[in-house]
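To start, the structure under review is shown below, and the notes come after it.
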DNA sequence: TTAGGGTTAG
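In the UniProt record's numbering, the protein residues as written are 1 to 797.
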């Protein structure tokens, strides 16, 4: 737009009082400043004096009109509008051209403003005015304005005009009201090819491939020959349905209609085959045409990436150049996802350098593709850099960076960007919601997550499966399993991810049996499990100690579904063996697995060894972990605890000294609890809360009271307690504050940043028994539901 | 003067 508007930036013109007029920056500014009352009298206005005077003026008039039409046709918006300002505006024709130049150059709001000025000035709109005005309504996605114009058509008797009706169909479809579009189409007394094509394309705008193809069939039944636009839409419809058979049917129609040579049709065919998983067919169409154009090459590059063939994508890009063609922006945009697929930062950087060398930047889509690539190649810093250097940003570029930051665990940065985005006036869409929810999930910000849920409901995003899956995940990660289940049950278009998410939700809340039942239900409903499903199912078996079932699923994964176990699946099996104390089998599994053991694998063996007090095996696992260059804070703490539990105090001191020499500091324990819409944070031995005295007092009573006896308040001086006792761990303080701040009978939910210690775990069981309330504690790995003195983890975590 | 259009970022 800036380019178009700047074309007239050097243009200065003089009105009859010889006062140079300031060049408006935007057509809208010009139009908004335009005052029909104060307008100057221009040379060419037909006054009696002028009329009496000469053919010279008539020549000027036609010359001016010629210029005006030329500017309109060439899309010189500013110049055309400036000229329009000087012209005689009594004829509808002149207004139509001015509205046309604005509409056709994306200045929809300005076009509508001009249309209203036209009416104010008493100029009648005609059959040529309305298509532009309706197009402008569609461009603004303004249904109300569109309907107002539509109702006016009845009063002026143009409601059945062919061209106007065609415009109405598109306007309604663009606004998402396909039923209104259908009504216009069905009531048309005469339809032409454009009417059919617009209707067929309208369904695509609302993502309804099936009804689009049904209309194509209807059109043929009416003996109307499809043209290239029909075919392009029909191929798009097949892609929307991901249906190779439907796409092939349309290909037959291409042959019958003798449109195989059309470049647009060829590109659409390649695109359809790529999107429907038929990359070999795409190659065939591509290779059958010797004079192939850049768009077709670009579509092939994209097709290979979509079909998980990144190296073919790179090779295609190379061949494009070898064939003497010049890659364009789209070539690069399509190529970048292949770098992410192979995780090749080097290739990504090389392409970035090429993009800079070729002068392709700034380009908003290309920059967004770069942000995405850097995010997926684990370089969030570079993704941020690109974003900060962008000349202009849109909703998609924001969404891309939010996702990139989330993918790289930079949740706080992604939340900050989300806030900035609001402040910059970008309204989050369903994809923003999907992108930001993981940040609330991982930081366990239930209250804020609920607010996003409210926003999603209000904005109408809650029929979107991606949004619902993210909400299910958020609720489960934030400890609210009931809400997670409610969202899952309310999702009427459950996909494999929906099932994986709810199965995992029950697993991390220690309800393995329910998870396994859900897995059976999922299979009964015909949803094919994928690799992630088995991670969820094996985790469920692990949390509930279902050894036999675990092995069965581990085998079924390969035999029934052809899924090779990856490191995550082995990790789950190790957790399962560790839980039941079968350490020798766990060791054997590590030895026999065909993959290189990772931190996750040795960590699992270490945790199992600690649980079963096998110091030797724990030391062996720890030795394997140390060279893996991971954050080993947890490892040292775990080893130190094991030595302490087995009375090896010398080793405890040794580990402490290693930690000091390596400057490894124990993560500060922090527990959060939400009370009355506010989040309260507690550290160990925290006395900063204004109700500290009461919190410590209640906790003291609970700890001192024998289980089952009535709790009585007995004042004690809490300051005399030992300051470093586990009695005052943050989780206990947070739970106590939750107990005294919420109604009797309700559960108390707290979240911790590190694993719960064994002492606190026992205390939570006691609290649940003494207070007869459910206590839910989320630690860095799972949720513990304490009820009647028992924990859902069955004392293994 | 009027309606529909291929490959492209989350």
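C-beta atoms are modelled at their ideal positions from N, C-alpha and C, and glycine is treated no differently. All values derive from a computational prediction rather than experimental measurement.
**Item:** Collapsed DSSP secondary structure at residue 419 in the structure displayed
**Value:** Indexing the first chain from 1 puts residue 419 at position 419. Helix, per DSSP.
**Prompt:** Rounded to the nearest angstrom, how far is the Cβ of residue 252 from that of residue 299, given a contact under 8 Å?
**Reply:** In the first chain, residue 252 corresponds to position 252, counting from 1. In the first chain, residue 299 corresponds to position 299, counting from 1. Not really, about 20 Å apart at Cβ, beyond 8 Å.
**Prompt:** Quick one: is residue 359 buried, meaning 16 or more other Cβ sit within 10 Å of its Cβ, or exposed?
**Reply:** Taking the first chain and counting its residues from 1, the one referred to as residue 359 is at position 359. Label assigned to residue 359: exposed.
**Request:** With DSSP as the reference, label residue 681 as helix, strand or coil.
**Result:** Looking up residue 681 in the first chain gives position 681. Residue 681: strand per DSSP, three-state reduction.
**Request:** State yes or no: is the C-beta of residue 857 within less than 8 Å of the C-beta of residue 515?
**Result:** The first residue shown for the chain is 1 and the last is 797, placing residue 857 beyond what the model contains.
**Prompt:** What whole-angstrom Cβ distance do residue 164 and residue 130 have, given they're in contact under 8 Å?
**Reply:** As a position in the first chain, residue 164 is number 164, starting the count at 1. As a position in the first chain, residue 130 is number 130, starting the count at 1. That pair is a contact at about 5 Å.
**Message:** Quick check: residue 386 and residue 367, are their CB atoms within less than 8 Å of each other?
**Reply:** For the purposes of this step, residue 386 is taken as the residue at position 386 of the first chain. For the purposes of this step, residue 367 is taken as the residue at position 367 of the first chain. Yes, the pair counts as a contact, with Cβ atoms nearer than the cut-off.
**Prompt:** I think residue 452 touches residue 437, with their Cβ atoms under 8 Å apart; what is that distance to the nearest whole Å?
**Reply:** Within the first chain, residue 452 is the residue found at index 452, counting from 1. Within the first chain, residue 437 is the residue found at index 437, counting from 1. Sure, about 6 Å apart at Cβ, within 8 Å.
**Request:** Might you give, ordered along the chain, the residues of its own chain that have their beta carbon closer than 6 Å to the beta carbon of residue 199, omitting 5 neighbours on each side?
**Result:** Counted from its first residue, the first chain places residue 199 at position 199. Around residue 199: 169, 185 and 215.
**Item:** Nearest-angstrom Cα separation, counted from residue 632 out to residue 626
**Value:** Counted from its first residue, the first chain places residue 626 at position 626. Counted from its first residue, the first chain places residue 632 at position 632. If I take the Cα positions, the gap works out to 7 Å.
**Asked** Where residue 209 and residue 294 are concerned, what is the direct C-alpha to C-alpha distance, given to the nearest angstrom?
**Response** Taking the first residue of the first chain as position 1, residue 209 is located at position 209. Taking the first residue of the first chain as position 1, residue 294 is located at position 294. Taking the straight line joining both Cα atoms gives about 27 Å.
**Request:** Would you list, in sequence order, the uninterrupted alpha helix (DSSP H) runs of no fewer than 4 residues that lie entirely inside the stretch 108-179?
**Result:** 108-120, 129-139, 143-156 and 162-174
**Request:** Return the Cβ separation of residue 608 and residue 635 in integer angstroms, given the expectation that the two are a contact with Cβ distance under 8 Å.
**Result:** Taking the first chain and counting its residues from 1, one reaches residue 608 at position 608. Taking the first chain and counting its residues from 1, one reaches residue 635 at position 635. Not confirmed; about 14 Å, so no contact.
**Request:** Can you give me the Cβ contacts of residue 234 inside the same chain, cut-off strictly under 8 Å, excluding the 5 residues immediately before and after it?
**Result:** Looking up residue 234 in the first chain gives position 234. So the qualifying residues of the chain are 200, 212, 213, 216, 226, 250 and 253.
**Message:** Assuming residue 486 is part of the alpha helix (DSSP H), what are its boundary residues?
**Reply:** Residue 486 sits at position 486 when you count from the first residue of the first chain. It spans 481-489 - the alpha helix (DSSP H) in which residue 486 sits, taken as one unbroken run.
**Request:** Give the straight-line distance between the Cα atoms of residue 100 and residue 242, rounded to the nearest whole angstrom.
**Result:** One-based indexing of the first chain puts residue 100 at position 100. One-based indexing of the first chain puts residue 242 at position 242. Roughly 37 Å separates the two Cα atoms.
**Asked** What are the partner residues of residue 785, as DSSP defines its beta bridges?
**Response** For this step, residue 785 is matched to residue 785 along the first chain. In DSSP, residue 785 forms a bridge with 776.
**Request:** Return the chain-ordered list of same chain residues with a C-beta closer than 6 Å to the C-beta of residue 497, the five sequence neighbours on each side being excluded.
**Result:** Here the question's residue 497 lines up with position 497 in the first chain. 469, listed in sequence order.
**Asked** Going by other Cβ atoms of all chains shown within 10 Å of its Cβ, with 16 needed for buried, is residue 422 buried or exposed?
**Response** Residue numbering aside, residue 422 sits at position 422 when the first chain is read from its first letter. Exposed is the call here.
**Request:** For the beta strand (DSSP E) holding residue 752, just list the boundary residues, first then last.
**Result:** On the first chain, position 752 is the one that residue 752 refers to. Counting along the chain, the beta strand (DSSP E) containing residue 752 begins and ends at 748-752.
**Item:** residue 675 in three-state terms, based on DSSP
**Value:** By 1-based counting over the first chain, the position of residue 675 is 675. The answer is strand: DSSP assigns residue 675 an E or B state.
**Request:** Determine contact between the stretch 731-738 and the stretch 425-436, defined as no fewer than three beta-carbon pairs at a distance below 8 Å.
**Result:** no
**Request:** Note down the Cα distance separating residue 649 from residue 619, rounded to an integer number of angstroms.
**Result:** Here residue 649 corresponds to residue number 649 of the first chain, with the count starting at 1. Here residue 619 corresponds to residue number 619 of the first chain, with the count starting at 1. The straight-line gap from Cα to Cα measures roughly 15 Å.
**CA-to-CA distance, residue 615 to residue 590, given in whole angstroms** = The residue labelled residue 590 in the question sits at position 590 within the first chain. The residue labelled residue 615 in the question sits at position 615 within the first chain. C-alpha separation (whole angstroms): 18 Å.
**Prompt:** Distance, Cα to Cα, residue 26 vs residue 81?
**Reply:** Looking up residue 26 in the first chain gives position 26. Looking up residue 81 in the first chain gives position 81. Note that residue 26 scores 34 on pLDDT, short of 50, meaning its location in the model is unreliable; the coordinates nonetheless yield the value given after this. If you take the alpha carbons of residue 26 and residue 81, they lie about 10 Å apart.
**Prompt:** With 16 as the cutoff for other CB atoms within 10 Å, does residue 420 come out buried or exposed?
**Reply:** Within the first chain, numbered from 1, the residue matching residue 420 stands at position 420. Looking at its Cβ environment, which holds fewer than 16 other Cβ atoms inside 10 Å, residue 420 is exposed.
**Prompt:** Under the rule that 16 or more other beta-carbon atoms within 10 Å means buried, what is residue 322, buried or exposed?
**Reply:** Counting from one through the first chain, the residue named residue 322 turns up at place 322. Residue 322 comes out exposed.
**Prompt:** Between the stretch 500-511 and the stretch 779-786, do three or more beta carbon pairs fall short of 8 Å?
**Reply:** yes
**Request:** Taking only the alpha-carbon atoms, compute the straight-line gap between residue 132 and residue 277 and give it to the nearest angstrom.
**Result:** As a working note, residue 132 is residue 132 in the first chain. As a working note, residue 277 is residue 277 in the first chain. Approximately 39 Å, taken between the alpha carbons.
**Request:** Could you name each continuous alpha helix (DSSP H) segment of 4 residues or more that falls completely within the stretch 278-303, going from the start of the chain to the end?
**Result:** 279-288
**Prompt:** Relative to the alpha-carbon of residue 458, which residue among 472, 445, 427 and 444 has its alpha-carbon at the smallest distance?
**Reply:** As a first step, residue 458 is located in the first chain; it is residue number 458 there, counting from the start. Of the candidates 472, 445, 427 and 444, the one whose C-alpha sits nearest the C-alpha of residue 458 is 427.
**C-alpha gap between residue 765 and residue 775, whole angstroms** = As a position in the first chain, residue 765 is number 765, starting the count at 1. As a position in the first chain, residue 775 is number 775, starting the count at 1. Going from the Cα of residue 765 to the Cα of residue 775 covers about 8 Å.
**Request:** Give me the Cβ distance between residue 376 and residue 331, rounded to the nearest whole Å; I'm assuming they're in contact under 8 Å.
**Result:** Taking the first chain and counting its residues from 1, one reaches residue 376 at position 376. Taking the first chain and counting its residues from 1, one reaches residue 331 at position 331. With a Cβ gap of about 19 Å, residue 376 and residue 331 do not count as contacting.
**Request:** Run the CB neighbour count on residue 448, radius 10 Å, all protein chains shown included, and call it buried at 16 or more, exposed below.
**Result:** The residue given as residue 448 occupies position 448 in the first chain. Buried is the call here.
**Request:** List the whole-angstrom C-beta distance separating residue 595 from residue 585, where the pair is believed to meet the contact cut-off of C-beta under 8 Å.
**Result:** Within the first chain, numbered from 1, the residue matching residue 595 stands at position 595. Within the first chain, numbered from 1, the residue matching residue 585 stands at position 585. At roughly 17 Å, the Cβ-Cβ gap does not stay under 8 Å, so residue 595 and residue 585 are not in contact.
**Prompt:** Can you name the start and end residues of the alpha helix (DSSP H) that residue 199 belongs to?
**Reply:** The residue you call residue 199 lines up with position 199 of the first chain. Looking at the DSSP string, the run of the alpha helix (DSSP H) that includes residue 199 is 193-205.
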